[in-house]
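Trainee: Below you'll find the structure I mean.
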Amino acid sequence: MSLLAAQASSKERHPVSRKTAVIIGNGKLGRDLSPMVDAADFVLRFNEPKLSVGMSGTRTDLLMLATSSKPMQRRLNDPDFYASPTFRAAGAVMLVYHPIILRTYHPKPNILSWLKGRRSDWTQQTIEGVGGAGKEIRIMPPQFYRDGCATLGLSEAEMHRVFPSTGFFGVYHCLDRFQAEEWDVKLCGFSWEGWKRHSWDGERRFVADHVESGRLTLIES
Numbered sequence: 066m067s068l069l070a071a072q073a074s075s076k077e078r079h080p081v082s083r084k085t086a087v088i089i090g091n092g093k094l095g096r097d098l099s100p101m102v103d104a105a106d107f108v109l110r111f112n113e114p115k116l117s118v119g120m121s122g123t124r125t126d127l128l129m130l131a132t133s134s135k136p137m138q139r140r141l142n143d144p145d146f147y148a149s150p151t152f153r154a155a156g157a158v159m160l161v162y163h164p165i166i167l168r169t170y171h172p173k174p175n176i177l178s179w180l181k182g183r184r185s186d187w188t189q190q191t192i193e194g195v196g197g198a199g200k201e202i203r204i205m206p207p208q209f210y211r212d213g214c215a216t217l218g219l220s221e222a223e224m225h226r227v228f229p230s231t232g233f234f235g236v237y238h239c240l241d242r243f244q245a246e247e248w249d250v251k252l253c254g255f256s257w258e259g260w261k262r263h264s265w266d267g268e269r270r271f272v273a274d275h276v277e278s279g280r281l282t283l284i285e286s
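When we follow the working numbering, the leftmost residue of the sequence shown carries the number 66, and every step to the right adds one.
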């Protein structure tokens, strides 16, 4: 069953008076969702949602960052990241990978990359840079990551080769935090494609299952 077909079969399962949480992926949006996003009760974004700028409002209750490898190094050295609408609006910043997780599972740079300044863990530098910019920082515990991997069916061996995306962990976090009786959790801007080491097929199935059950709503854009 497609995601939208699953959604259509679940529209009547919960009352319409629930609060709204909007999770905005980093994919391109087909229409301006700003009024709906800014009117939501909670908005979650990830890393650098450049493709949705101007199309998804400005509200950002939580910005989730992946403090691993080259992309985070670049952000920390880029003044435009700190000046971006998403960062400035963020009420709090969440680091999805605990240093223990990065040390245990994530790939390490080779010696030449290391000599050039590459690292697999930018947690401390993120705390200094993001915290120094006045943002509250939360670091998720190691078990959060392990439980998410288990939800996707990843074995211990696979966890050294496959790494769930920040977007997946954002959805996973919201489903755990917001009860179905009180919250309508909506998604937009998710394409389930990108870095080859993410578990795209598993993440897509995870979302489809929760759309079918009525726990998630896809915003058609």
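Every residue, glycine too, gets a C-beta built ideally from N, C-alpha and C.
Would you say the region 181 to 195 touches the region 205 to 212, given that touching needs at least three Cβ pairs under 8 Å?
Mentor: Counting Cβ pairs under 8 Å, fewer than three are found: no touch.
Trainee: Taking CB distances under 8 Å as the criterion, tell me whether F152 reaches chain B.
Mentor: This model lacks chain B altogether; it includes just one protein chain.
Trainee: Is there contact here, the region 158 to 173 with the region 132 to 139, by at least three beta-carbon pairs under 8 Å?
Mentor: Yes: at least three Cβ pairs fall under 8 Å.
Trainee: Among all the DSSP beta bridges, which residues are the ones paired with V118?
Mentor: DSSP, once it has assigned bridges, lists no residue as partnering V118.
Trainee: Excluding the five sequence neighbours on either side, which residues of its own chain have a C-beta within less than 7 Å of the C-beta of F152, listed in chain order?
Mentor: Closer than 7 Å at Cβ, skipping near neighbours: L128, F146.
Trainee: At 3 residues or longer, and completely inside the region 132 to 215: list those beta strand (DSSP E) runs for me, N to C.
Mentor: Whole beta strand (DSSP E) segments, 3+ residues: 157 to 160, 201 to 204.
Trainee: Count the C-beta pairs between the region 111 to 125 and the region 265 to 281 that are closer than 8 Å, then say yes if the count reaches three, no if not.
Mentor: In short, these stretches do not touch, since the Cβ pair count stays below three.
Trainee: Pair every Cβ in the region 221 to 232 with every Cβ in the region 256 to 275, then say whether three or more of these pairs are closer than 8 Å.
Mentor: Flag = yes, the region 221 to 232 and the region 256 to 275 touch.
Trainee: Whose C-alpha, out of T169, N142, E247, A105, is nearest the C-alpha of E340?
Mentor: The question about residue 340 has no answer, for the chain in this structure spans 66 to 286.
Trainee: What does DSSP give as the partner residue(s) for D249 in the beta ladder?
Mentor: For D249, which the question treats as bridged, DSSP gives the partners T85.
Trainee: My output table needs one value for S75: the three-state DSSP class, helix, strand or coil.
Mentor: Per-residue confidence for S75 stands at a pLDDT of 49, beneath the threshold of 50, marking its modelled position as unreliable; the derived number appears in the next sentence. Of the three classes helix, strand and coil, the one that applies to S75 here is coil, per DSSP.
Trainee: Taking the alpha-carbon of I88 as reference, which of D241, E247, G232, E258 has the nearest alpha-carbon?
Mentor: Among D241, E247, G232, E258, the Cα nearest to that of I88 belongs to G232.
Trainee: So for T231, helix, strand or coil by DSSP?
Mentor: In this structure, T231 counts as helix in the three-state DSSP scheme.
Trainee: Tell me the rounded alpha-carbon separation between L167 and S185.
Mentor: Taking the straight line joining both Cα atoms gives about 7 Å.
Trainee: For F271, report the span of its alpha helix (DSSP H) as first-last.
Mentor: Its alpha helix (DSSP H) spans residues 265 to 278.
Trainee: In its own chain, which residues sit with a C-beta less than 6 Å from the C-beta of R110, not counting the 5 before and 5 after it?
Mentor: Excluding residues within five positions, the ones whose Cβ falls inside 6 Å are I89, T125, L128, T151.
Trainee: On the three-state DSSP scale, how would you describe R242?
Mentor: Three-state result, R242: helix.
Trainee: Identify the residues that DSSP records as bridge partners of M129: which are they?
Mentor: In DSSP, M129 forms a bridge with F111, M159.
Trainee: Look at the Cβ atom of G199, then the Cβ atom of L94, and state whether they are nearer than 8 Å.
Mentor: Cβ atoms of G199 and L94: not closer than 8 Å.
Trainee: Could you work out which residue in W248, G119, E258, A148 is closest to A105 when comparing CA atoms only?
Mentor: The residue with the shortest Cα to Cα distance from A105 is W248.
Trainee: Applying the criterion that 16 or more other CB atoms from any shown protein chain within 10 Å of the CB defines a buried residue, is W187 buried or exposed?
Mentor: Label assigned to W187: buried.
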